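For the sequence shown, the working numbering gives the first residue as 1030, with consecutive numbering after it. Note that the Cβ used here is the ideal one computed from N, Cα and C, for glycine as well. Since the structure is predicted, the reported quantities are computational estimates derived from the model, not experimental observations.
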Amino acid sequence: MTRSGTEDTIAAVATAPGRGGVGIVRVSGPASADIAQGVVGKKLTPRQAEFVDFRNVGDETLDQGIALYFEGPHSFTGEDVLELQGHGGPVVLDLVLSRVLELGARRANPGEFSERAFVNGRIDLVQAEAILDLVNSATRQAALGAVRSLSGAFSERVHTVDRQVLALRVYCEAAIDFADEEIDFLAESDIDDRLEAIRERLATLRSNAAQGALLNDGASVVFIGAPNVGKSSIFNRLSGEERAIVTAIPGTTRDTLTADFDLDGLPVRVIDTAGLRDTDDPVEAEGVDRTHRAMAEADIVVEVVEDPCADPAPQEKADRTLLIRNKTDLSGRDPGRVEAGVVRVCALTGDGFDDLVAELKRLAGFRSGEGAFTARQRHLDALDAAGAALAAAASRLEEGEGELLAEELRTAHEHLGTIVGETSTDDLLGEIFASFCIGK
């Protein structure tokens, strides 16, 4: 299951590259206690922090800091673990790590500490992914959502549905075994009610997971429109800084500019583009080409026009397009939401921007990150596959096909198992843990 055996001892710098106040060298495996003895010169008491010298083979001090030793299985990885917490310079950390490697450890692969925690049953696959999600979180709500997933909130909901699926499958298989009896268990029992309840619970879980995936992945928003309609002014106000140059000269923006910001908890990448118009300027023409590419890749297309003007031609992503009528300070019309997908604003004063933010959230499908857990696209795919299997199971039940009903329930169980790692392939595990940084 793992990319390497767990009989050896691994080590890595666990803190981010660069200089800092504290740097940590992490060790995990059966040789951790002996390595601790070799580095600090004495046996460490488990779970007790000690201020010690970190020494080389010649008993020369390499650094001073805190040494912590954890006996397995009472550690993050489930193995014996040593942490050497010293100063955060790259040179001194390399000296300490080199000493640890001299004493028998090898360099850890990316994500190998978390992988060992998964293999040893300390965390499931959702929790392992949540570690990386927490590190990469772009908003406060995304970070809190990752902590909820790390604490098991998402996994427990998956297990709750899975237990119900498994119990119903066992019942159906028992009914098949008694097919020769006078009682038709499939017809006389409450299987249909139980199956419907499971499908409803799964649908709720899928909806919550979709919000968690948005917290993780965020949404990309591209601004388009004719030159000098105020795209860059709106971009600057949303991003909270003067990222785009704003002048009265049409065609000032000739390339795509990006900014990341927090939209009430939703991570959003906003892309400001060159104005759409025919041009003989090769530089501006390249900017227009990039605008079209950005439109094709974006989750939401925001078309900016001056207010008032005729409605522009519909965009290809009509259900994901927001029309902004800018410059209400000149038109004299009230800013705010006109209808679904249409907002009047004034980029100069910020009037109407609350409604603009609300419409962006609606188009992204984001309700709220409060209380949410983070999720990934693979989780949504597995939940969709389980839902399809349960829908097929309902059809089998209507047709009285007990054996095929049980088979569909087995399929649903397997898809749910891939979420937490109970039925995952080695390729999937390798792909997930390889995306981690060294030391995690």
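Opposite GLY1247 in the DSSP bridges: which residues?
Position 218 of the sequence shown, counted from the first residue, corresponds to residue 1247. GLY1247 is not bridged to any residue.
How far does the alpha helix (DSSP H) with ASN1165 in it extend, from its first residue to its last?
Taking the sequence shown and counting its residues from 1, one reaches residue 1165 at position 136. Here the alpha helix (DSSP H) through ASN1165 covers 1154-1165.
Helix, strand or coil: which one does DSSP assign to PHE1105?
Counting from 1 along the sequence shown, the entry for residue 1105 is found at position 76. Coil at PHE1105, not helix or strand.
Cβ neighbour criterion (16 or more within 10 Å) applied to ALA1045
Here the question's residue 1045 lines up with position 16 in the sequence shown. A residue is called buried when at least 16 other Cβ atoms come within 10 angstroms of its Cβ; ALA1045 does not meet this threshold and is exposed.
Return the CA-CA distance between ALA1288 and GLU1089, expressed in angstroms with no decimal places.
As a first step, residue 1288 must be located in the sequence shown, where it is residue number 259. As a first step, residue 1089 must be located in the sequence shown, where it is residue number 60. Each residue's alpha carbon lies about 49 Å from the other.
Range covered by the beta strand (DSSP E) that runs through ARG1470
Residue 1470 is absent from the model: the chain starts at 1030 and stops at 1469.
If you follow the alpha helix (DSSP H) that ASN1265 is in, where does it begin and where does it stop?
Counting from one through the sequence shown, the residue named residue 1265 turns up at place 236. Here the alpha helix (DSSP H) through ASN1265 covers 1260-1268.
Does ASP1221 pass the burial test, meaning 16 or more other C-beta atoms within 10 Å, or should it be called exposed?
Counting from 1 along the sequence shown, the entry for residue 1221 is found at position 192. By the 10 Å Cβ count, ASP1221 comes out exposed.
From the DSSP secondary-structure annotation, give me the bridge partner or partners of ASP1082.
By one-based count along the sequence shown, residue 1082 stands at place 53. Note: ASP1082 sits in a beta bridge opposite GLN1093.
Nearest CA to the CA of ARG1169: which residue from PHE1462, ALA1421, ALA1414, ALA1401?
The count along the sequence shown starts at 1 and reaches residue 1169 at position 140. Among PHE1462, ALA1421, ALA1414, ALA1401, the Cα nearest to that of ARG1169 belongs to ALA1401.
Is the beta carbon of GLY1381 closer than 8 Å to that of GLY1398?
On the sequence shown, position 369 is the one that residue 1398 refers to. On the sequence shown, position 352 is the one that residue 1381 refers to. When the beta-carbon positions are compared, GLY1398 and GLY1381 stay at least 8 Å from each other.
Using DSSP's beta-bridge definition, name the partner residues of ASN1237.
For the purposes of this step, residue 1237 is taken as the residue at position 208 of the sequence shown. The partner list for ASN1237 (beta bridge, DSSP) is empty, contrary to what the question assumes.
Give a yes or no on whether the C-beta atoms belonging to THR1403 and ASP1153 are separated by under 8 Å.
As a working mapping, residue 1403 is identified with position 374 in the sequence shown. As a working mapping, residue 1153 is identified with position 124 in the sequence shown. Not a contact, by the Cβ cut-off of 8 Å.
Among residues of its own chain, excluding the 5 on either side of GLY1269, which ones have a beta-carbon nearer than 7 Å to its beta-carbon?
What you label residue 1269 is simply residue 240 of the sequence shown in a count that begins at 1. By the criterion of a C-beta distance shorter than 7 Å, GLY1269 is surrounded in its chain by PHE1290, once the five residues flanking it on both sides are discounted.
Which whole-angstrom value is the C-beta distance of PHE1252 and VAL1333, which I expect to be below 8 Å?
Taking the sequence shown and counting its residues from 1, the one referred to as residue 1252 is at position 223. Taking the sequence shown and counting its residues from 1, the one referred to as residue 1333 is at position 304. Between PHE1252 and VAL1333 the beta-carbon gap is near 6 Å, inside 8 Å, which marks them as a contact.
With a CB to CB cut of under 7 Å and the five nearest residues on each side skipped, what residues in its chain are close to LEU1179?
On the sequence shown, residue 1179 is found 150 positions in, with the first residue counted as 1. Non-local beta-carbon contacts of LEU1179 in its own chain, meaning distances under 7 Å to residues more than five positions away in sequence, involve GLN1156, ALA1159, ILE1160, LEU1163 in chain order.
Distance check for THR1038 and LEU1124, CA to CA, integer angstroms please.
Walking along the sequence shown from the start, residue 1124 turns up at place 95. Walking along the sequence shown from the start, residue 1038 turns up at place 9. One Cα belongs to LEU1124, the other to THR1038, and the distance between them is close to 18 Å.
Going by DSSP, name the residue or residues bridged to GLN1114.
Against the sequence shown, residue 1114 aligns to sequence position 85. ILE1053, ILE1095.
Residues bridged to THR1287 [DSSP beta-bridge criterion]
In the sequence shown, counting from the first residue as 1, residue 1287 sits at position 258. Beta-bridge pairing by DSSP links THR1287 to ILE1300.
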